[in-house]
Structures are given as C-alpha cells and as structure tokens.
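For the sequence shown, the positions run 1 to 702 when full-length UniProt numbering is used. Ideal Cβ positions, reconstructed from N, Cα and C, are used throughout, including at glycine. Structure first, then comments.
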Amino acid sequence: MDDCPKDICAVTDSSTEGVPASQPPLDPNGTTQRSPEELVARAIAPVKREFLRPPPSSRTTQNNPASDTNVKQPQANVVQEKKSKRQLKRERRQEQNSPLNLCPEIAKTGDVNACSYKDKCRFSHDIEAFMAQKPADLEGDCPFIKADAPCPYGLACRFAGTHKDNAPIATSNLLKKSSEVNGLSKDVQKLLWKNKMRFTKADAVVKSLGLAGPNWKVKKLVDKEEDEVGLDGSHAADETNCKKVVDDSVDCSECPSTFPAAVNAEEACETDELRPLKKAKLLVDEKCSDEGEEPDRSPKICNLKDATVLEKYNEKKSAETELADDVHAEPDKSLKIHPREKMLIDFREKLYLAPLTTVGNLPFRRVCKTLGADVTCGEMAMCTNLLQGQASEWALLRRHSSEDLFGVQICGAYPDTVARTVELIEKECTVDFIDINMGCPIDIVVDKGAGSFLLTKPLRMKGIIQAASGTVDKPITVKVRTGYFGGKNRIDSLIADIGSWGATAVTIHGRSRQQRYSKLADWDYIYQCARKAPSTLQVLGNGDIFSYLDWNNRKTDSPELSTCMIARGALIKPWLFTEIKEQRHWDISSQERLNILKEYVRFGLEHWGSDKKGVETTRHFVLEWLSYACRYIPVGLLDVIPQRLNWRPPSYYGRDDLETLMASDSAADWIRISEMLLGKVPDGFTFAPKHKSNAYDRAENG
1 MDDCPKDICA VTDSSTEGVP ASQPPLDPNG TTQRSPEELV ARAIAPVKRE
51 FLRPPPSSRT TQNNPASDTN VKQPQANVVQ EKKSKRQLKR ERRQEQNSPL
101 NLCPEIAKTG DVNACSYKDK CRFSHDIEAF MAQKPADLEG DCPFIKADAP
151 CPYGLACRFA GTHKDNAPIA TSNLLKKSSE VNGLSKDVQK LLWKNKMRFT
201 KADAVVKSLG LAGPNWKVKK LVDKEEDEVG LDGSHAADET NCKKVVDDSV
251 DCSECPSTFP AAVNAEEACE TDELRPLKKA KLLVDEKCSD EGEEPDRSPK
301 ICNLKDATVL EKYNEKKSAE TELADDVHAE PDKSLKIHPR EKMLIDFREK
351 LYLAPLTTVG NLPFRRVCKT LGADVTCGEM AMCTNLLQGQ ASEWALLRRH
401 SSEDLFGVQI CGAYPDTVAR TVELIEKECT VDFIDINMGC PIDIVVDKGA
451 GSFLLTKPLR MKGIIQAASG TVDKPITVKV RTGYFGGKNR IDSLIADIGS
501 WGATAVTIHG RSRQQRYSKL ADWDYIYQCA RKAPSTLQVL GNGDIFSYLD
551 WNNRKTDSPE LSTCMIARGA LIKPWLFTEI KEQRHWDISS QERLNILKEY
601 VRFGLEHWGS DKKGVETTRH FVLEWLSYAC RYIPVGLLDV IPQRLNWRPP
651 SYYGRDDLET LMASDSAADW IRISEMLLGK VPDGFTFAPK HKSNAYDRAE
701 NG
C-alpha cells in the first residue's frame, strides 16, 4: 500500500466504510467517473480529471440575472415589477434634467455659449456641476485619440484625461464618417416617417408579377389552397396559431389610403400590409386657405419644410425615377432580369460569418475580420421597421470599412414589403448582397408571418424572391431551415425553384423550426439539397461548425457545397476562422483571449461612444458575448479533441486564475471580467442574457 497513489488510497479507504466495493469511484463533480468515450456519448465534455472541480454550491447562472457584487444576494433575486411607459418617460425626463446629462455641443467645445438653443436646450449647461458628479476616468487611452481623430465627446469622454490640450475640436464624429457607412440620413428618415418616400420600381415589379391590384385577392386564395395541399396536412396541425397571425385573404393593396369613418383600419388590415408605415396626412390644413375663401379640397403639403425635404430628395433621385417610369411603360421587357445579368458573388471556399442577433454587431464583426473571416453580414433587420425609419433598426445595416465583402439580412412577410425594402437599401446603403431570412424560429417573427413561417408558404416565398430580385441588381440570397415541422423536410423539393425565382445563393440550416437549436444539424439532408440544386445556385451549409475538422469534413463529404456558414461556433471562439485557415487546433491562452476582448472593447467604444452611455452599452454587449464564450474549453484540458458544439462543459479549473474565471457560467463572474476592461459597474447594476439560444438541448429555447 505504500506505493499506492494517495488519491487511489483515499478511494479504497472510503469504499470500506459502508460503500459497496463494486461501485465505481466518483470524480470531483460528485458523479461516477466515466471514460472519455462514455462522456462524449452523453454529450459531456471529457475534461481531464486533474482539472475537474466540484460545482459551486450557490451561483447565479446565465439564466438568472446577476447584480453588482457589492449588493447583497437576497436583493439580487428580487423580481422587479415591469415599469409602465409613463414611468419610463418620467425617468428619462429626470435623467435629462440631471447635471450629468451635459449638452453634447458644450461637451465638445467646453464653451457654454456653443449651444445654439441657449435656454431652450433640453440638456444641462452647467459644466461645473457636471465635472463634480462625473465618474472618475477609466484606465487607458481614448479610442478616438488612438485613431488619430478628435474625440467627439469632449468633456463627457470617460478617457478625457488623455485628450491633448491643443487637439482640434470635433464638430462631428469624424471617425465614424471615415470608417462606417450605411447611416440613415435625416431627410430620408423624415420622408419615411411621413410615408412620402416613393418606391416606383418596387411597386412596378410587384404589380407586374400580379402581386398587387384587383386580382391579387383571388390569386392569394388559390395560393393558400395550393400551399395547404403541398404541406400534406402539416399546416393544419398548426392552423390555430397561424390563423391568428396571418390572414391570407387580406392584403395591403386592398386597403385604401384613407378609411371611411365607419370602418376600423385595424379590422381592415390586421397584418403587415403593402404600406406598413404611418398613414400620410393628406387633409387640407385650415390655415392653408385665406379667410373668406372656399378651401381647396385637393391634397396639399402645407409644411414648407416637408416640401423642401421632399423636393431635395426627389431631385437627388430624379435619374432613378425616370428609369423606373420607363419600367412602368414596358414591364414585360425591362423588369425581367436575366440571371446572367445579375451581379454575382463567389462564396466558394470563403469563411462566412453568419448574421447573429444581438452579439453579431459591428464591433464583433470587426474582431472576426481580424481573425480571418472573409464574408460578414449584418444582424437581421425587420422590413417594416426599416420602412418606418426606425433609427435602431437602421443601425443594424451599418458597415465598417474593414468589411470588404458585406451583406445585410432582412426579414419580411410579404413581397411588396420586401421589394420596397431592398429598393430602399440599394439607394441608401453600400452593400454587396442582400440576404432574405426565411428561417428565423423566434416566435415574435413567426407570429408576423415572416421567418420560418414562410416555409409553410412556398408560393409566397416565390413572390418575395421574385419581387426582390426583380427590383434590385444586387445579388439576392436566401437563408432557410430544412422545414417548419420536425421530420417533414421540404427544402429539397424547392431547391431547384429557388434558383429560377432569382436567388443567387441559399443557405440551409440543418434543423427545422420546431427543433430550434436542439439536436445536431442534419448535414446529410443539406448534402441531398446541394446535389439537387442547379449549377447556377450556390448552396451553403450551416450548423455545428466548431473546428477546422468539421469544416474539412463538410466540404469533403459534399463537393457541391460552395462553403459553410459559421454561427454559434464564432460566438464561442471567434478564432475559429484562424484555425480553419491555418488548419490547426489553437490552444489559445487566457491572456490571448483577454486581448481579443480588449480589442472588442476598443471597437465598441469607437462605435457606441466613449461617454458614460457608450461605455455601458459596450459593457452590455461584452456581457452578452461572455454568456456564449464561457462555453469554450481550452484544448489542453480535453481528453478528446476537438470540442463539439453540443458538449456540456463540467465545472473545471483552468491553467491559471483568469482561465478559471473565463470558464465560469455565473453572470457575476462575467461582470468581474467586464470590470477588468471597463471599470467598476454603476451602483445597482444587473444583467441577464437577452435570450436563451445558447441552450444545449432545450427545444423550447430559440
């Protein structure tokens, strides 16, 4: 027994005290020790035994909100009541009146007389009170100074101590102007707000396809019957949910611009319509006519400012309008664009970063570009929100100068809505391709008749793709899932038609909408679709790519695939692009991972701002990213490599304290990492991940 290792002796001694000798030994997690092969079969990461540790007894996991570490734990678990809109509005007004809410013009210049609004300004002009309450500056240099550009936040910058005394005053965000494009101009936004934007080409294409006009209602009824037959009764099982979401008998083209007094507009159009924007006010203002004269009953624009904006925009787009008018004259000859005349993008062998909601923002895409990504795509934007001029939705279309091959992803329920959106994007944005999402499984999207709900409506899919490809010259790509219901795949029957409808590429996620992110992606079905696709249609696979071996195997198993899209794998380890290009397993150190986070923070401060609001926005997205990144297990800690995306990591020690901290699934530990990058969190700070799509095997998560 003297030669017996201590750990083995301990197990032997404990087995004599009331524990059957035949029972296998326990690991530090308190479970029976299993071989690496058994762990892999159970989708548990086979971490080397010497790194395992017991799970923390009490912790705040990623599914529960975490609060500031100085706040007592019982207070962190208190569920706060949801605030009403009136309460939120009152808090915003109180915040505006706070001395910390310094006027941006005064913050830039340091001169209280710089603001042109004077006493009417809704911001504070008290510089002394602002400096007295301003939090201490953060460690490090201002990201704008590093970029050789004047800081646009001036006194409000959390790195103001590093500003040069004689630096030029930033009258605007010069850095963003030089490095970011696809912003929404005020003139265009006002036209969208007032529903005065003209979509001549899109409306002409939709009309030529028979998707608008008096015959559209009859056509929709026929399409509905054919769709139900094509589903082989599968749609009937979900009829109760779909009926309340989308009523195919009602369309935008049938809704008049003004409704009679006895007709309720909401009853006339319950879903997304041809004009999902705010209704334009065309009534005559009484002030437009002189007293004593009979008012003119014809529509007028009484606001001279609006008229100036409209004239300015119309002059800017006059050439495009004349071209669209010609399209009206001869729709049969000019609307139909031959596939060979379309602009094409060769996706073959390129590393494609998927559009990722919340985390796939511009700073994250910049990080992935530095690590080897070739193609990037913006976060999914809803067509109706873009057409309404929502600034938050337009922010999803922004593009950095480093993104040399960039596309935007949109999601809409009807051909006219999508056609208008792509026309607007082509006019106002600089993009290389436009991707239409027809696979989003989120309930709020499906309930509007968009996303993966379109998989139950192939004829509407046809109308959307044809309308979009006929409206713009940019390549139109489509992202789909295998089907709506599990076990009832249908993309293989549509793959040949998708190319003839006008799409240049289709990305197939190897799961159904019902699966969400549970189980493994069905790559055999993706291969089957790739073999059936016409030569003019590029097919991209998507699902569970997490190492260069996964990439190689997918490409080897199906040479017909153009490339593979990388999604959640990039969220967990963005250096996956480097591994694929260098064909190696990168045993990255904790310090190298921290440097990547520092780079992300710098990009975030440049994008969202270096003032208090920009710092906290950057912190929020750092925490969202860490909710995924904690699932990475270093290569040197695994008995079996490479790591699989569906493996559940046990509690383990890292090779240093920082690596152990990064492995934690506690939101409190993520906050500690954010404090290493962005300083201490504000008092009362709490965080909970926005969604649970990073779950392993829970089908209800999406």
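The beta carbons of I498 and V478 sit closer together than 8 Å. Membership of I464 in the alpha helix (DSSP H) is indicated by the continuous run P458 to T471. Put simply, the backbone Cα of L353 is about 27 Å away from that of F687. A Cβ-Cβ distance of about 6 Å is found for the pair C368 and A570, placing them in contact under the 8 Å criterion. As the crow flies, the alpha-carbon of Y628 is around 12 Å from that of P649. Around the beta carbon of M131, fewer than 16 other beta carbons sit within 10 angstroms, so the residue counts as exposed. Close CB contacts of I44 within its chain, under the 6 Å cut and outside five residues either way in sequence, are with R648 (chain order). Comparing alpha-carbon positions, the option among G140, Q409 and K573 lying closest to I633 turns out to be K573.
Of L661, G451, V640 and F144, the smallest CA-CA separation from R602 is found for F144. Excluding residues up to 5 positions away in sequence, C103 and C115 lie with their Cβ nearer than 7 Å to the Cβ of C121 in the same chain. Of all C-beta pairs linking the stretch 196–209 to the stretch 466–480, three or more are shorter than 8 Å, placing the two stretches in contact. Counting every other CB atom within 10 Å of its CB across the protein chains shown gives K83 a total below 16, marking it as exposed. For G541, the uninterrupted beta strand (DSSP E) run begins and ends at Q538 to N542, by DSSP. Counting along the chain, F433 sits inside the beta strand (DSSP E) bounded by residues F433 to M438.
Minimum Cα-Cα distance from R198 among the listed residues V622, E423, H163 and G372 corresponds to E423. Residue range A505 to H509 is occupied by the beta strand (DSSP E) that includes T507.
Per DSSP, the continuous beta strand (DSSP E) segment holding G407 begins and ends at F406 to C411. In the three-state scheme derived from DSSP, where H, G and I count as helix and E and B as strand, V445 is classed as helix.
Counting only residues of its own chain and dropping the five nearest sequence neighbours on each side, L405 has a CB closer than 8 Å to the CB of I345, K350, D374, V375, T376 and D432. S674 sits in a helix when the DSSP states are folded into three classes. In the structure shown, M565 adopts extended strand secondary structure according to DSSP, grouped into three states.
The criterion of a C-beta distance shorter than 8 Å is not satisfied by D611 and A136.
Between Y153 and H607, the alpha-carbon positions lie close to 12 Å from each other. The shortest CA-to-CA distance from N646 to any of L39, F685 and V622 is the one to L39.
By the neighbour-count criterion, in which a residue is buried when 16 or more other Cβ atoms sit within 10 angstroms of its Cβ, E50 is exposed.
Straight through space, the alpha carbons of V408 and S402 are spaced by roughly 15 Å.
Contact annotation: the stretch 585–600 does not touch the stretch 551–564, with fewer than three C-beta pairs closer than 8 Å. Bounds of any alpha helix (DSSP H) do not take in I545, whose DSSP letter is neither H nor E.
Three or more beta-carbon pairs separated by less than 8 Å link the stretch 613–625 to the stretch 677–686, which places the two stretches in contact.
Here L362 is buried. Its C-beta has 16 or more other C-beta atoms within 10 Å.
The closest CA to that of L191, considering only G210, Q390, S179 and L371, is found on Q390. For K89, the three-state secondary structure derived from DSSP is helix. Distance from the CA of G510 to the CA of L459, rounded to the nearest whole angstrom, comes to 22 Å. Within the same chain, Y527 and A530 come within 6 Å of S558 by CB-CB distance, once the 5 residues on both sides are set aside.
Taking every protein chain shown into account, the CB of T417 has 16 or more other CB atoms within 10 angstroms, so this residue is buried.
Non-local C-beta neighbours of S185 in its own chain, meaning closer than 8 Å and more than five positions away in sequence, comprise E428, ordered along the chain.
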